[in-house]
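Trainee: Residue numbers (the numbering used here): 29 to 515.
Heads up, the beta-carbon is just placed ideally off N, CA and C, and yes, glycines get one too.
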């Protein structure tokens with residue numbers, strides 16, 4: 029029924045609740061290595077074509093720089109076009125079929141585009157037409173040869189278990205996971221093996237539910253400890269109640285969750301022979317931000333936080349002196365908060381109260397709160413007390429923009445009464461956020477208040493963009509001047 033799988037051979041291997049794959053090279057790096065190999069082939073073809081033609085016709089070789097420039101430009105165009113069609117994606121790159129037609133068509137159009145650019149820029153005096161013809165026919169030979177070699181190498185590495193995915197974990201039904209062999213997993217998500225967590229095989233509903241909760245909690249701990257980015261579900265598609273139960277339990281995890289085709293669906297197609305088509309898998313939970321988006325957001329955090337620290341350093345120094353003169357106690361207030369993926373961290377703020385609460389019971393600040401010090405009222409109304417959180421941003425615990433973190437006692441309470449609250453941990457908490465820019469700042473005295481804040485936070489997570497972060501920073505400046513709900 030499944031490709032390359034034998035259920036009886038797998039039954040003994042799945043008795044443990046989890047099984048980690050052998051250490052190997054991450055498949056996530058494969059596309060970068062393959063594109064780098066193609067770029068090197070094209071660059072060398074340009075240099076060899078230019079040098080070889082000049083030597084063959086007896087012309088003097090003045091400089092290799094024009095050939096180097098053409099090779100780099102050609103590699104950029106070719107890789108950009110091939111990457112757009114998923115040419116470098118794993119596991120397609122490990123399947124035996126060499127995409128001869130795709131490579132030749134892409135290279136032909138790349139060559140035509142280069143010729144058109146040469147005509148527009150009038151670079152014929154610097155780059156020989158004969159050298160270009162040699163380059164034009166030499167490069168595809170090298171590209172096809174490298175593709176054939178890399179496919180053979182990848183196939184061998186996969187069979188040895190040398191290539192795997194460390195950012196994925198599988199959870200599912202015993203029989204469904206037993207039916208998934210290495211070739212199935214390779215076709216479905218790009219690795220011959222993955223860490224597996226097997227759900228309970230109990231038939232009694234209450235016992236099965238209790239066991240499933242323990243297993244899913246173990247999955248959550250594993251995902252957080254290993255910073256996994258994808259969760260795979262191997263479940264019968266007809267078991268709707270159990271699927272909904274698992275979906276509800278994993279929604280707090282900031283990972284993409286995909287439901288793999290079950291045995292009945294897989295029996296309709298031969299996955300291993302599908303060398304070019306995408307295999308059906310249902311995305312039941314979207315990852316909050318891609319790797320590139322996280323990189324862009326982190327770069328913005330570091331740059332803006334460093335500039336802000338330099339700009340606000342005199343104000344922070346004067347604030348520290350004022351706190352010391354106003355009341356006894358430390359300058360910096362520390363409290364445990366939940367961050368990305370539910371991980372705890374210590375948040376920094378200028379102390380604005382006579383007490384320093386950090387436990388299971390914390391009373392939110394109210395208007396005219398007697399615990400707030402004299403200087404603390406000014407700091408809270410102007411939001412100066414939040415400036416030390418720039419250090420949290422540089423440490424990586426927080427972002428400039430994101431859902432505001434709450435004290436652990438409040439976090440745990442809100443999670444118990446609002447089903448969507450846990451989604452706030454899909455991104456790093458922020459010094460400011462979309463909710464704060466829309467007036468949802470300060471205390472949350474009622475369910476309606478926190479529900480509205482969560483709704484705004486989730487809108488931000490689902491609609492993130494760099495431009496939205498910039499807008500929020502600008503709006504925050506005006507919101508601070510309004511001092512709305514700041515006490």
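Out of 81, 491, 462 and 179, which has the shortest C-alpha to C-alpha gap to residue 480?
Mentor: That would be 462, whose Cα lies nearest to the Cα of residue 480.
Trainee: Curious, which full-length alpha helix (DSSP H) runs of at least 4 residues does the stretch 257 to 295 contain?
Mentor: Qualifying alpha helix (DSSP H) stretches, in chain order: 268 to 278 and 291 to 294.
Trainee: Using three-state DSSP, classify residue 383 as helix, strand or coil.
Mentor: In the structure shown, residue 383 sits in coil (DSSP, three-state: anything other than H, G, I, E or B).
Trainee: On the DSSP bridge list, what partners appear for residue 429?
Mentor: Looking at the DSSP assignment, residue 429 forms a beta bridge with 460.
Trainee: Measuring alpha carbon to alpha carbon, tell me which of 178, 281 and 223 ends up nearest residue 196.
Mentor: It is 223 whose Cα lies nearest to the Cα of residue 196.
Trainee: Report yes or no: do the stretch 316 to 328 and the stretch 337 to 350 share at least 3 C-beta pairs separated by less than 8 angstroms?
Mentor: Taking 8 angstroms as the limit for Cβ pairs, the verdict is that the stretch 337 to 350 does not touch the stretch 316 to 328.
Trainee: CA-CA distance, residue 362 and residue 347?
Mentor: Near 16 angstroms, if we compare the C-alpha coordinates of residue 347 and residue 362.
Trainee: Mind pulling the alpha helix (DSSP H) runs of 4 or more residues that sit fully within the stretch 217 to 258?
Mentor: The stretch 217 to 258 contains these whole alpha helix (DSSP H) runs: 233 to 254.
Trainee: For the pair the stretch 68 to 77 and the stretch 167 to 177, tell me if three or more CB-CB distances fall below 8 angstroms.
Mentor: Taking 8 angstroms as the limit for Cβ pairs, the verdict is that the stretch 167 to 177 does touch the stretch 68 to 77.
Trainee: Candidates 435, 429, 489 and 476: which alpha carbon is nearest residue 503's?
Mentor: Looking at the Cα atoms, 429 is the closest of the given residues.
Trainee: Specify the secondary structure class of residue 377 as computed by DSSP and reduced to three states.
Mentor: Residue 377 falls in the strand class under three-state DSSP.
Trainee: To the nearest angstrom, report how far apart residue 146 and residue 120 are at their CA atoms.
Mentor: Approximately 34 angstroms between the Cα atoms of the pair.
Trainee: Roughly how many whole angstroms lie between the Cα atoms of residue 333 and residue 415?
Mentor: When rounded, the distance between both Cα atoms is 10 angstroms.
Trainee: Let me know if residue 399 comes out buried or exposed under the rule of 16 or more other beta-carbons within 10 Å of its beta-carbon.
Mentor: Exposed, by the Cβ-count rule.
Trainee: In terms of residues, what are the limits of the alpha helix (DSSP H) holding residue 127?
Mentor: Element bounds for residue 127: n/a, residue is neither H nor E.
Trainee: Which two residues bound the contiguous beta strand (DSSP E) that contains residue 364?
Mentor: Per DSSP, residue 364 belongs to the beta strand (DSSP E) from 360 to 366.
Trainee: Got a sec, what are the start and stop residues for the beta strand (DSSP E) residue 400 sits in?
Mentor: Unbroken run through residue 400: none, as it is neither H nor E.
Trainee: Between the stretch 258 to 274 and the stretch 197 to 205, do three or more beta carbon pairs fall short of 8 angstroms?
Mentor: Yes, the stretch 258 to 274 is in contact with the stretch 197 to 205.
Trainee: Is residue 4 near residue 453, with beta carbons less than 7 angstroms apart?
Mentor: Residue 4 is absent from the structure shown; the chain starts at 29 and stops at 515.
Trainee: Suppose the cutoff is 7 angstroms on Cβ atoms and the five residues either side in sequence are ignored; what does the same chain contact list for residue 132 look like?
Mentor: Answer for residue 132: 168, listed in chain order.
Trainee: When we look at the beta-carbon of residue 114 and count the other beta-carbons within 10 Å, is it buried (16 or more) or exposed?
Mentor: The residue is exposed, with fewer than 16 neighbouring Cβ atoms inside 10 Å.
Trainee: Quick one: what does DSSP say residue 185 is sitting in, helix, strand or coil?
Mentor: Helix.
Trainee: Buried or exposed: which applies to residue 50, given that a residue is buried once 16 or more other Cβ atoms fall within 10 Å of its Cβ?
Mentor: Legend: pLDDT at residue 50 = 46, less than 50; position of this residue unreliable, value from coordinates given subsequently. Its Cβ having fewer than 16 others within 10 Å, residue 50 is exposed.
Trainee: Go through its chain and collect everything with a Cβ distance to residue 284's Cβ below 8 angstroms, but skip five positions before and after it.
Mentor: 257, 258, 259, 311, 313, 314 and 315.
Trainee: Using a Cβ-Cβ cutoff of less than 6 angstroms, which residues in the same chain neighbour residue 306 once the five nearest sequence positions on both sides are dropped?
Mentor: The predicted model places residue 306 with a pLDDT of 48, which falls under 50 and marks its position as unreliable, so this point remains unresolved.
Trainee: Rounded to whole angstroms, what's the CA-CA distance from residue 501 to residue 460? Just pull it up for me.
Mentor: For residue 501 and residue 460, the distance between alpha carbons rounds to 8 angstroms.
Trainee: Quick one: what does DSSP say residue 335 is sitting in, helix, strand or coil?
Mentor: If DSSP states are grouped into helix, strand and coil, residue 335 belongs with the helices.
Trainee: Report the rounded CA-to-CA distance for residue 336 versus residue 434, giving the unit in angstroms.
Mentor: Their Cα atoms are separated by approximately 23 angstroms.
Trainee: Buried or exposed: where does residue 464 fall if 16 or more other Cβ atoms within 10 Å of its Cβ makes it buried?
Mentor: Per the 10 Å Cβ criterion, buried.
Trainee: Would you call residue 85 buried or exposed, if buried means 16 or more other Cβ atoms sit within 10 Å of its Cβ?
Mentor: Result: exposed.
Trainee: Below 7 angstroms CB to CB, which residues in the same chain sit around residue 475 once its five sequence neighbours on both sides are set aside?
Mentor: Correct list, in chain order: 445.
Trainee: What would DSSP say about residue 196, mapped onto helix, strand or coil?
Mentor: Strand, per DSSP.
Trainee: Helix, strand or coil for residue 495 per DSSP?
Mentor: Of the three classes helix, strand and coil, the one that applies to residue 495 here is helix, per DSSP.
Trainee: What is the DSSP secondary structure of residue 435, counted as helix, strand or coil?
Mentor: In the structure shown, residue 435 sits in a strand (DSSP, three-state: E or B).
Trainee: Ordered along the chain, which non-local residues of its own chain (more than five positions away) have a Cβ less than 6 angstroms from that of residue 166?
Mentor: Within the same chain, residue 166 has close Cβ partners 73 and 77.
Trainee: At which residues does the beta strand (DSSP E) containing residue 312 begin and terminate?
Mentor: Note, residue 312: beta strand (DSSP E), 310 to 313.
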